[in-house]
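Residue numbers (the working numbering), protein chains in the order written: chain W, 189 to 539; chain G, 189 to 539.
Where a beta carbon is used, it is the ideal one built from N, C-alpha and C, also for glycine.
These numbers were taken from a predicted model, which means no experiment stands behind them.
Below: one structure, written as C-alpha cells.
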DNA sequence: CGCACTTGCACAATCGATGGTGCAATGACT
DNA sequence: AGTCATTGCACCATCGATTGTGCAAGTGCG
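Written out as C-alpha cells, the structure is:
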C-alpha cells in the first residue's frame, strides 16, 4: 500500500527527508562517502531512508553523467540455437560477475540489421559489445569505432578488431577423419560417398570446406567436385538440397558432413515422413553439438565448439588495445555419438 | 579517418554547426519539427549535418527526460533451452516491430536473482517486461508495481498481474493419452509401467502431474503412488532419478512422461554409455518440443507449447490495465514422433 | 498606417546522478 | 588568542535531449 504506483524515490527525495544535500545523498549511496568525508552518522541516516523508500539509482541518469551504462552487449545471429544460446548463458554469468548487466540481442545475419542493432546499443552507451557470428563484422566495427566502443568479434572474424573463433580447419579435419574412420577396412568409404551439406561464403564455412577437401583427398585419395552442397544456414534450403540429391541419386550419400546444427535440422525435415530404413548405415558428422542430435538412430559424430573458452578469451581481449587486430583460434572438441555433455545450465542451483 | 574515436555528435554540436539553437536541432531530429513550425529549409540543413556527422540520439538522455527508455525486457529462466530461446526469437521480432529495443536476460530460476534482475532493468527505465517461467512471479510483481512498470507473466502464472500460460492440464492429458494409445490392445500398458519424471512444485508441473494422474486413472484404471519422480528442472537430478529407478528395478519403465526438454537431457545422460537395446520398446512423452528430440531411436511424442501465441497474447495484454489479473491459457499442440517443425528462424532471409 | 495573426525560432527549466570546488565549524598547537 | 589543518558538507555545473513559453519579424486586412 505504502509504495503504490508512486514514482521511484530519487536522491532529491531523500535529500529533503534527510536534511542533507543531494550530493551528500548521492555520495552516500554510491559508496564514495568515505572519500568525500561524510560523517558515518549522516550516512547511516541516509542508508536507512534509502532502504525504507526502496531507493535504487536511476541508471540512465548515472549513465548519462558517465557516458557509460553498465550494460554489456552480446549480438548473436539468432537466439534459437544451442550454440548461440549456450554462449549467451556463459556470457551472462561473466557479465554479472563483473557487476554489469548483460544484454543479448539478435541481428538475424543481416548486415544492415547488425549495424542498426549496434547503433542502438551504442545509443544506450553500452560499455562493451561482443559481435557473434556477424555477416559483416567490419561494418559493425565501423559503427563501434566511430563511437569509441570496445568490441570483439566471436565465431566469425573481422579484420579491424580482435576476433576469437573456433579452429574451424582443425575441427573439420578431425570431424572428416572421424567420419572416415567410422567405416571399417572391409567396406571402406569411397570419395564419392561423402558429401558436405550446408555452409555459405563465410570464413567458418570456407575453412571447414577446405579442411573437408584436403582430408578427403589425403585419406580417400580423391575428392569429386560436387562433394559440397552449399545451402546457407537455413533448414529449408538444406532440406531442398537433400531432396534434390535424393531425387537425382535415389538415395542419400553413405556419409554426411553437415555444416551446423541448423543444417542438421534440414536433415531432420528430410527424415520426417520417410521410412527409418532409409537412414540405416548412414554416418553423419555435424559441425555443432546438440545433446539430442547426438542420439539420433544413426551415428552422429559432433564437433563441440568451446563457447566457454571463446567467451572467456573475448573478455580477456575486451580491455586490451586492438592494434594490431589479432585472431585467436579456440580448439573445438570431437564428440562421439551418444554423448550427453554437461553444459552451462549444470552450474545452476537446481532448476 | 574522419570520425576516429571522437565522441559522438550531439545536438549541441549540430546546433553550433547549423547556427540554430539546440532545441531546434532536437525538434528536427526527433520528428516534432512540423509541430514546432520549423522551416523546411532549416530542417533540411540540419538533416544534412546530422547525416554528415552520423548523428544518433543519446537514448539515455532521451530516456532520462522521458522516464522511458525504449527498451523492452524479456526475463527468462535460462537461455540455453529451445523453448525459451525460441520465445526470445519471437519476442525480438515483436519488439522490433514496435520500434523498441529488445533486451533478453536470464534469471536462473532464482527468486532473489529474479527480483534483482527486474530492479536492474527498472533502473534503466524499461518500458515493459515479460516475466517468463519465474519461480516467484509475485515477488517480481512487487518490484515492478513499485516502479509502475507494465509487466506480464508468461509460462508460470502469478496472482497479481496478467499471466499467459500453456494449458498444462490439457497438454498433459493429451500427452498421456497419446502415450497410452501408442500401445496396442494385444499388450496394453499397465498402470505400473508409466512413470512421470521431472517437475517441481510449480504451477505447470502441478497441473501436468494432476492431468497425468487423472488420465492414468481414467484410461488404465489405476495409478500407483510412486508414479511420479520429482527432479526439478535439472538434467543431473533427472539422471540420478533414472539411475535410482534402474538400480531398483533392473530396467526402465515401459513408458515415460518426461516433464520438459531439460529433464529429457537427464534421460540422454542415462542413455550415454548404455546399450541401445536397453531402450527398445520404450515410449516417451516429452512436455516440450525439440526437433532433434523428435528423432531419437524410440518414439518420442512431444508437446509443443505455442510460444508465438503466448508472446502475441502477452503483447496484447501489456497495454491493458491489470485489474483484476487474469490468466490466459494457450493450447499446446501434440507432436507425433519424427516431426521436424518450422520455427521462428524460418522467417529469416536465408541464414 | 495600425492591429491582429501567423511564422519561425530561441530560451531556459527539467530529468537524476555525479564530482570539483569552496567554505564554515571544529580541533590542535604554539 | 591566533594560525593552520582537518572535518563535514553544500553549491553548482554537467551529461544530452525534451518541451512549455516567449518574442521578434513577417503577413493580411480594414
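How about residue i and residue j: do their beta carbons lie closer than 9 Å?
{"i": "residue 399 of chain W", "j": "residue 360 of chain W", "result": "yes"}
{"i": "residue 386 of chain W", "j": "residue 454 of chain W", "result": "yes"}
{"i": "residue 467 of chain W", "j": "residue 431 of chain W", "result": "no"}
{"i": "residue 260 of chain W", "j": "residue 317 of chain W", "result": "yes"}
{"i": "residue 346 of chain G", "j": "residue 319 of chain G", "result": "yes"}
{"i": "residue 277 of chain W", "j": "residue 294 of chain G", "result": "yes"}
{"i": "residue 479 of chain G", "j": "residue 402 of chain G", "result": "no"}
{"i": "residue 406 of chain G", "j": "residue 526 of chain W", "result": "no"}
{"i": "residue 269 of chain W", "j": "residue 273 of chain G", "result": "yes"}
{"i": "residue 266 of chain W", "j": "residue 285 of chain W", "result": "no"}
{"i": "residue 420 of chain W", "j": "residue 444 of chain W", "result": "no"}
{"i": "residue 255 of chain G", "j": "residue 313 of chain G", "result": "yes"}
{"i": "residue 506 of chain G", "j": "residue 340 of chain G", "result": "yes"}
{"i": "residue 532 of chain G", "j": "residue 370 of chain G", "result": "no"}
{"i": "residue 391 of chain G", "j": "residue 437 of chain G", "result": "no"}
{"i": "residue 275 of chain W", "j": "residue 495 of chain W", "result": "yes"}
{"i": "residue 508 of chain G", "j": "residue 281 of chain G", "result": "no"}
{"i": "residue 252 of chain G", "j": "residue 238 of chain W", "result": "no"}
{"i": "residue 358 of chain W", "j": "residue 501 of chain W", "result": "no"}
{"i": "residue 300 of chain W", "j": "residue 322 of chain W", "result": "no"}
{"i": "residue 353 of chain G", "j": "residue 503 of chain G", "result": "no"}
{"i": "residue 442 of chain W", "j": "residue 377 of chain W", "result": "yes"}
{"i": "residue 413 of chain W", "j": "residue 404 of chain W", "result": "no"}
{"i": "residue 384 of chain W", "j": "residue 368 of chain W", "result": "no"}
{"i": "residue 499 of chain G", "j": "residue 342 of chain G", "result": "yes"}
{"i": "residue 415 of chain G", "j": "residue 382 of chain G", "result": "yes"}
Any Cβ of chain W within less than 9 Å of the Cβ of residue i?
{"i": "residue 236 of chain G", "result": "no"}
{"i": "residue 267 of chain G", "result": "yes"}
{"i": "residue 196 of chain G", "result": "yes"}
{"i": "residue 246 of chain G", "result": "yes"}
{"i": "residue 497 of chain G", "result": "no"}
{"i": "residue 483 of chain G", "result": "yes"}
{"i": "residue 343 of chain G", "result": "no"}
{"i": "residue 450 of chain G", "result": "yes"}
{"i": "residue 480 of chain G", "result": "yes"}
{"i": "residue 239 of chain G", "result": "no"}
{"i": "residue 191 of chain G", "result": "Unreliable placement is indicated for residue 191 of chain G, whose pLDDT of 39 sits below 50; no coordinate value is reported for it."}
{"i": "residue 521 of chain G", "result": "no"}
{"i": "residue 202 of chain G", "result": "no"}
{"i": "residue 290 of chain G", "result": "yes"}
{"i": "residue 315 of chain G", "result": "no"}
Only counting the same chain, and skipping five residues up and downstream in sequence, which positions put a Cβ closer than 8 Å to that of residue i?
{"i": "residue 234 of chain W", "result": "202, 206, 208, 212, 213, 216, 217"}
{"i": "residue 523 of chain W", "result": "477, 482, 489, 490, 491, 492, 529"}
{"i": "residue 513 of chain G", "result": "346, 347, 348, 349, 350, 351"}
{"i": "residue 244 of chain G", "result": "196"}
May I ask you to list the residues that DSSP assigns as paired with residue i?
{"i": "residue 290 of chain G", "result": "G:260"}
{"i": "residue 316 of chain W", "result": "W:260"}
{"i": "residue 489 of chain G", "result": "G:473"}
{"i": "residue 244 of chain W", "result": "Its beta-bridge partners do not exist; DSSP assigns none."}
{"i": "residue 132 of chain W", "result": "Nothing can be reported for residue 132 of chain W, as the shown portion of chain W is limited to 189 through 539."}
{"i": "residue 522 of chain W", "result": "W:491"}
Could you check whether the Cβ of residue i sits closer than 9 Å to any Cβ belonging to chain G?
{"i": "residue 308 of chain W", "result": "yes"}
{"i": "residue 453 of chain W", "result": "yes"}
{"i": "residue 293 of chain W", "result": "yes"}
{"i": "residue 312 of chain W", "result": "yes"}
{"i": "residue 530 of chain W", "result": "yes"}
{"i": "residue 296 of chain W", "result": "yes"}
Suppose the cutoff is 6 Å on Cβ atoms and the five residues either side in sequence are ignored; what does the same chain contact list for residue i look like?
{"i": "residue 329 of chain W", "result": "346, 348, 349"}
{"i": "residue 190 of chain W", "result": "Any reading at residue 190 of chain W needs caution, since the residue's pLDDT is 40, under 50, leaving its predicted position unreliable; the model's value is listed next. Taken in chain order, the list of residues that qualify is empty."}
{"i": "residue 408 of chain W", "result": "379"}
{"i": "residue 271 of chain G", "result": "476"}
{"i": "residue 470 of chain W", "result": "486"}
{"i": "residue 425 of chain G", "result": "419"}
{"i": "residue 338 of chain W", "result": "316, 506"}
Residues in its own chain within less than 7 Å of residue i by CB, not counting five upstream and five downstream?
{"i": "residue 418 of chain W", "result": "387, 388"}
Item to check | alpha helix (DSSP H) runs contained entirely in the stretch 434 to 464 of chain G, provided each spans 4 or more residues | outcome: 449 to 459
Item to check | Every unbroken alpha helix (DSSP H) within the stretch 376 to 441 of chain W, with a cutoff of 4 residues, ordered by chain | outcome: 391 to 408, 423 to 437
Checklist entry - For the stretch 300 to 366 of chain G, which segments carrying the alpha helix (DSSP H) assignment without a break, of at least 4 residues, lie completely within its bounds, in sequence order? => result Fully enclosed alpha helix (DSSP H) runs of 4 or longer: 325 to 334.
Checklist entry - What are the start and end residues of each continuous alpha helix (DSSP H) run of 4 or more residues lying completely inside the stretch 209 to 240 of chain G, in chain order? => result 210 to 217, 228 to 240
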